[in-house]
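S.K.:
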Amino acid sequence: MRGASTYRLLMHQVIADRLGLIMTDLKCLDAARDEPRLTPSRLAEITGLSTSATTAALDRLERRGFVRRIRDEHDRRRVFVESTGQHEAETARLFSPLVAATTAILDNYTDEQLAFITDFLEQLNAANAQLIRQQKAEGGSMPRGR
1 MRGASTYRLL
11 MHQVIADRLG
21 LIMTDLKCLD
31 AARDEPRLTP
41 SRLAEITGLS
51 TSATTAALDR
61 LERRGFVRRI
71 RDEHDRRRVF
81 VESTGQHEAE
91 TARLFSPLVA
101 ATTAILDNYT
111 DEQLAFITDF
121 LEQLNAANAQ
131 LIRQQKAEGG
141 SMPRGR
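Position one of the sequence shown corresponds to residue 1 (full-length UniProt numbering), numbered consecutively onward.
#1: Less than 8 Å between the C-beta atoms of ARG69 and VAL79, yes or no?
#2: Given that a residue counts as buried once 16 or more other Cβ atoms are within 10 Å of its Cβ, and exposed if not, what is SER83?
#3: Under a Cβ-count criterion, where at least 16 other Cβ atoms within 10 Å of its own Cβ denotes burial, should PHE66 be classed as buried or exposed?
#4: Under the assumption that ALA31 contacts LEU38 (Cβ atoms under 8 Å), give the Cβ distance between them as a whole number of angstroms.
#5: Per the contact definition of three or more C-beta pairs closer than 8 Å, is the region 48–58 in contact with the region 85–94?
#6: Please identify the residue among MET11, LEU61, THR54, ASP34 whose C-alpha is closest to the C-alpha of SER41.
#7: For a test of the three-state rule: what should DSSP assign to residue 169, helix, strand or coil?
#8: Taking the beta carbon of LEU58 as the centre, do at least 16 other beta carbons fall within 10 Å, making it buried, or is it exposed?
#9: What separation, rounded to the nearest whole angstrom, lies between the Cα atoms of ILE22 and GLN123?
#10: Given this structure, state the Cα-to-Cα distance separating LEU61 from ASP17, to the nearest angstrom.
#11: HIS87 and LEU19 - do their beta-carbons sit closer together than 8 Å?
#12: Would you call the CB atoms of MET1 and LEU98 closer than 8 Å?
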């Protein structure tokens, strides 16, 4: 499991590098693509970033044309973040070898085995989400070195 997690992280880092992004920005872009009517505060919640770090990430992504901020028509104080779609083709091209490799591996399994794998991954994701909430609730952190 650790190896799979490490390689997944490294693959995403390589793709972020190819797009001229940092990993945090790539994850923010994923959220902007996946969640309609995404607000900056929701993005901070999803990513675990502070509000200032979220703003900085959105500023970087907006400058590069990856996302745009849109004011709510009914409440001008409210802002939504969405992908511009300008870099979708390049992003898809960079992820396509990973998608192809994953699909080739999954093709080796029966529907019953795939259902088991899906259930396992859903439970693992739920457990991770719960552990993240617990860790955040406990608060505190070790001092960061410079």
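We put the CB at the ideal spot given by N, CA and C, even for glycine.
M.R.: According to the data block:
#1: yes
#2: buried
#3: buried
#4: 6 Å
#5: no
#6: THR54
#7: Not covered by the structure: residue 169. The range shown for the chain is 1 to 146.
#8: buried
#9: 29 Å
#10: 14 Å
#11: yes
#12: no
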